[in-house]
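Engineer: The structure is given below, and queries will be raised subsequently.
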Amino acid sequence: MNTTDQVQSRDVYSEKWQQRFAFFDEHGGPNSPTFKPAWLKLPLRQRIKINANIIAFFFGPIYLFVLGLWKKNLTLIGLLLAVSVVAEIFYSATGFAYAKQLDLAIGIAINAFYARTTNFAYYLKEVKGEQGWNPFKGC
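Written out as C-alpha cells, the structure reads:
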C-alpha cells in the first residue's frame, strides 16, 4: 500500500464530495458495523449519493483514471479481462445459447461494481492518503 505525500484541504472539493467524505469519516467504510445503520437512516437520494457514483457506472475505467485511482483501475481492468476470457471459453466449450444475455449481465455487474466502489476508493486516496492496488478495500 502506498500513501500519497500530501492530503489536500477539503475546501477544494465539491459539496457532494465533502458530504461523502464527512459520512465516511463519521461512519467508516461500507464494511464497518456503523455504516449500514447510519446509511439506512438517510433519504433515498442521499443514500445513492453516498454509496454510488453514477459517472463511474457509465464511464468507470476512464473516470477512475481521471480521479487518479489508476492502481485500483488496472486491477479492475485485469479482473474484467479475466472474467471475459473465462466467459468466452465457457461459451465456446458448451455452445451456450444465451451468451449475449450473460455478457450483458456481466457488463452491468462490473459497471455496478465501479459505481459502488469509486466513492470510498476516492475517499481513501484523498482523505486518508492511501493509494493501493486492492479495489475491494473497505467494501
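Numbering (our numbering), first residue to last: 9 to 147.
Beta carbons are placed, not taken as given, at the ideal position from N, Cα and C, and that holds for glycine.
Keep in mind that this is a model prediction, so the values were computed, not measured.
1. Check for me: the alpha helix (DSSP H) holding TYR131 runs from which residue to which?
2. Please identify the residue among LEU132, ASN142, PHE144 and TRP141 whose C-alpha is closest to the C-alpha of TRP25.
3. Report, in whole angstroms, the separation of the C-beta atoms of ILE46 and ARG124, which I expect to be a contact under 8 Å.
4. For ILE116 and ALA64, I'd like the C-alpha separation in whole angstroms.
5. Rounded to whole angstroms, what's the CA-CA distance from LYS49 to GLY36? Just pull it up for me.
6. Can we say the segment 134-144 touches the segment 97-116, given the rule of at least three CB pairs closer than 8 Å?
7. If I'm right that ASN81 touches LEU72 with Cβ under 8 Å, what's the distance once you round it to whole angstroms?
8. Less than 7 Å between the beta carbons of PHE29 and ILE58, yes or no?
9. Could you tell me the distance, in whole angstroms, from the CA atom of GLU96 to the CA atom of GLY86?
10. In whole angstroms, give me the CA-to-CA distance for VAL135 and PHE67.
11. Here's the rule: buried if 16 or more other CB atoms are within 10 angstroms of the residue's CB, otherwise exposed. What is ALA129?
12. Return the residue from the list LEU52, SER92, VAL20 and PHE121 that minimises the CA-CA distance to ALA107.
13. DSSP three-state call for TYR99: helix, strand or coil?
14. Kindly give me the distance between the Cβ atoms of GLY146 and PRO41, rounded to whole angstroms, as I take these residues to be in contact under 8 Å.
15. Roughly how many angstroms lie between the CA atoms of ILE62 and VAL94, to the nearest whole one?
Structural biologist: Here's the rundown:
1. TYR131 -> alpha helix (DSSP H) spans 107-131.
2. Nearest option by C-alpha distance: LEU132.
3. The question names Ile, yet the displayed sequence has Ala at residue 46. So it is not a contact: roughly 17 Å between Cβ atoms.
4. 12 Å
5. Approximately 15 Å, taken between the alpha carbons.
6. no
7. 4 Å
8. Between PHE29 and ILE58, the C-beta spacing is not below 7 Å.
9. Roughly 15 Å separates the two Cα atoms.
10. Looking at the two C-alpha atoms, the distance is approximately 23 Å.
11. buried
12. Of the candidates LEU52, SER92, VAL20 and PHE121, SER92 places its Cα closest to the Cα of ALA107.
13. helix
14. Between PRO41 and GLY146 the Cβ distance is about 13 Å, and since that is not below 8 Å, they are no contact.
15. 28 Å
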